[in-house]
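Those protein sequences? They're chains V and E, same order as listed. The first sequence begins at 1 in the numbering used here and counts up one residue at a time. The second sequence begins at 224 in the numbering used here and counts up one residue at a time. Below is one structure, written out as structure tokens; the observations come after it.
Number of protein chains: 2
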Amino acid sequence: MTTDEAAATAAAAAPTGLRERKKQRTRGALVRTAFELFTRQGYDETTIDEIVEAVDVSQRTFFRYFANKEEVAFATQGAAEALCFDSLCARPTGEAPLTALRTAVLDAWDRMGETIEELVPTELHLRMYRVIESTPTLLAVHLRRTMEMEERLAREIARREGLDIDEDPRPRLVVAMFGGVIRVTGKLWGERDDLSTTALRDIAAHQLDYVGPALAEHWSKNH
Amino acid sequence: MTTDEAAATAAAAAPTGLRERKKQRTRGALVRTAFELFTRQGYDETTIDEIVEAVDVSQRTFFRYFANKEEVAFATQGAAEALCFDSLCARPTGEAPLTALRTAVLDAWDRMGETIEELVPTELHLRMYRVIESTPTLLAVHLRRTMEMEERLAREIARREGLDIDEDPRPRLVVAMFGGVIRVTGKLWGERDDLSTTALRDIAAHQLDYVGPALAEHWSKNH
DNA sequence: GAGGCTAATGTCAGCCTCTGACATTTGACA
DNA sequence: TGTCAAATGTCAGAGGCTGACATTAGCCTC
């Protein structure tokens, strides 16, 4: 999935001929139109026919670009995930796993804007994220994608630490716990009014400060 | 969802009249037949028509018992989740959150057998779990259900500790982290040959022992 | 135990997602 | 310009799911 998205982005950056450019234009139009309809009237309330009619292509063409209706909804998420993974790979090997993950995510969110803007307006991307969080079908898919992402992160952590991922449970564990924090962050952010990446950053940083305390044997009543 | 499942189980235990008994029989037949077909030939490869033909009811009847094809696949999971939640509620208030969660889950797995057996043979339930883990669509739904479950657990933890869940992030965090461990456990168990609940217990206990070490600043190279 | 009430089921038409097969158009490139 | 291949369109159809309406079958009362 990430490979596909990366390839698509790379191709968009360096279009070879007219054919390739046209393809990117069609794909982009489908994504933007879908996002607009999904955010305006809801995911379930939008049919493929509406999307393809607005873009003026056949339904069959839609399904040649996207395997299913869900996939178009995650067009920008793929780029975001790739960014996050790359950030982790860029962290120095000496850094402790949890620290590296934390820094990588915050880092990725900082660089998010420019990358996303190439595909759709950032504001639309953020509004779409809320649609994903509030649409049961999409939320389910999102969680599965997140799980796949976590597996990749765990393998990278294992590589950094020189461990065999099938022998030592710690890489998967630390990523799973970290993923839990991020998920809670996303949820809280989705419930707020502040639709900005800085708000997202703040919540995440705040949550991560509580990882230690939350695992303590006994919690003091005041926080 | 849990309320529905609990109600269904309760009704099965004390059927009032012939009407109610017939309904439970139909529901049970649908679940068992679906499980059998799903585990034998796969979820995607099984059509609703196949199920209803084997049970000899109309397709419309199926959709009156289950909102969609996915729901029947989670018929026994609902009971398992309820059991887990009840176990947590039964833990003494003095127990530390993480300890209570750990004990509750291990406890629930011990009592799983009897509860499930009322619905379908336990072995079928376990085989079905593997189908869920290995079918993308079902895995996605499973993760969403898990997330909803985690929200309920977090609220119970907050209640036990006398905290406001919207003010203090720790309840959601500890549950999210714990959930991560359980998810890894389920995944590892699904990949093994040993299809028993005791194996599940062992893996979980082993994983939980690593929660502390995984969060440590630096990991020693030997485990 | 006949008859009315209502819950459960069946039937049917139709929408939406998604796929395979085949025809048509349109860049690319010699 | 003409050939090749890639992209798109058209069409038929399977499978999931729903609303509307008809039919069946427990239940309850007199």
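Note that the Cβ used here is the ideal one computed from N, Cα and C, for glycine as well.
- Between ALA437(E) and chain V, the shortest Cβ-Cβ separation is below 8 Å.
- Secondary structure of PRO394(E) (DSSP, three-state): helix.
- Cα atoms of PRO92(V) and ARG111(V): separation of roughly 18 Å, rounded to the nearest angstrom.
- Taking 4 residues as the minimum length, the alpha helix (DSSP H) runs contained wholly in the stretch 141-198 of chain V are 170-191, in order along the chain.
- A distance below 8 Å separates the beta carbons of GLY402(E) and GLU373(E).
- The Cβ neighbour count for ARG368(E), taken over all protein chains shown within 10 Å, is at least 16; the residue is labelled buried.
- The beta-carbon of ARG378(E) is placed no less than 8 Å from the nearest beta-carbon of chain V.
- Here DSSP, grouped into helix, strand and coil, assigns TRP219(V) to coil.
- Chain order gives the chain E residues near ARG144(V) as PRO359, LEU362, ALA363 and LEU366, where near means a beta carbon separation below 8 Å.
- The beta-carbon of PRO92(V) is placed no less than 8 Å from the nearest beta-carbon of chain E.
- Non-local C-beta neighbours of ARG172(V) in its own chain, meaning closer than 6 Å and more than five positions away in sequence, comprise ALA154, ordered along the chain.
- The continuous alpha helix (DSSP H) containing GLU273(E) extends over residues 271-278.
- The continuous alpha helix (DSSP H) containing PHE286(E) extends over residues 282-288.
- Just measuring C-alpha positions, the residue of THR61(V), ILE48(V), PHE38(V) and LEU163(V) sitting nearest GLN24(V) is THR61(V).
- Per the C-alpha coordinates, the member of LEU361(E), LEU386(E) and ALA381(E) positioned closest to ASP267(E) is LEU361(E).
- Annotated three-state conformation of ASP309(E) is helix, per DSSP.
- The beta carbons of ARG201(V) and LEU106(V) sit closer together than 8 Å.
- Distance from VAL211(V) to VAL184(V) at the Cβ level is roughly 11 Å; contact not present, criterion being Cβ atoms closer than 8 Å.
- DSSP, read as helix, strand or coil, puts ARG91(V) in coil.
- The three-state reading of DSSP puts PHE74(V) in coil, since its state is none of H, G, I, E or B.
- Residue-level contact by beta carbon holds for GLY180(V) and chain E, with a gap shorter than 8 Å.
- The criterion of a C-beta distance shorter than 8 Å is satisfied by ALA29(V) and VAL55(V).
- Here SER196(V) is exposed, its C-beta having fewer than 16 other C-beta atoms within 10 Å.
- Excluding sequence positions up to five before and after GLN41(V), its CB lies less than 8 Å from no other CB in the same chain.
- In the DSSP assignment, ALA34(V) falls within the unbroken alpha helix (DSSP H) covering 18-41.
- By the criterion of a C-beta distance shorter than 7 Å, GLN430(E) is surrounded in its chain by VAL404, VAL407 and THR408, once the five residues flanking it on both sides are discounted.
- Under the DSSP assignment, LEU106(V) falls in the alpha helix (DSSP H) whose first and last residues are 97-117.
- Boundaries of the alpha helix (DSSP H) around GLU346(E): 345-357.
- The Cβ atoms of PRO213(V) and ARG393(E) sit closer than 8 Å to each other.
- Interface residue (Cβ-Cβ distance to chain E less than 8 Å): LEU173(V) is classified as such.
- Counting other Cβ atoms within 10 Å of its Cβ, LYS22(V) stays below 16 and is therefore classed as exposed.
- CA-CA distance, LEU119(V) to VAL364(E), rounds to 28 Å.
- Interface with chain V (8 Å Cβ-Cβ cutoff): ALA399(E) is included.
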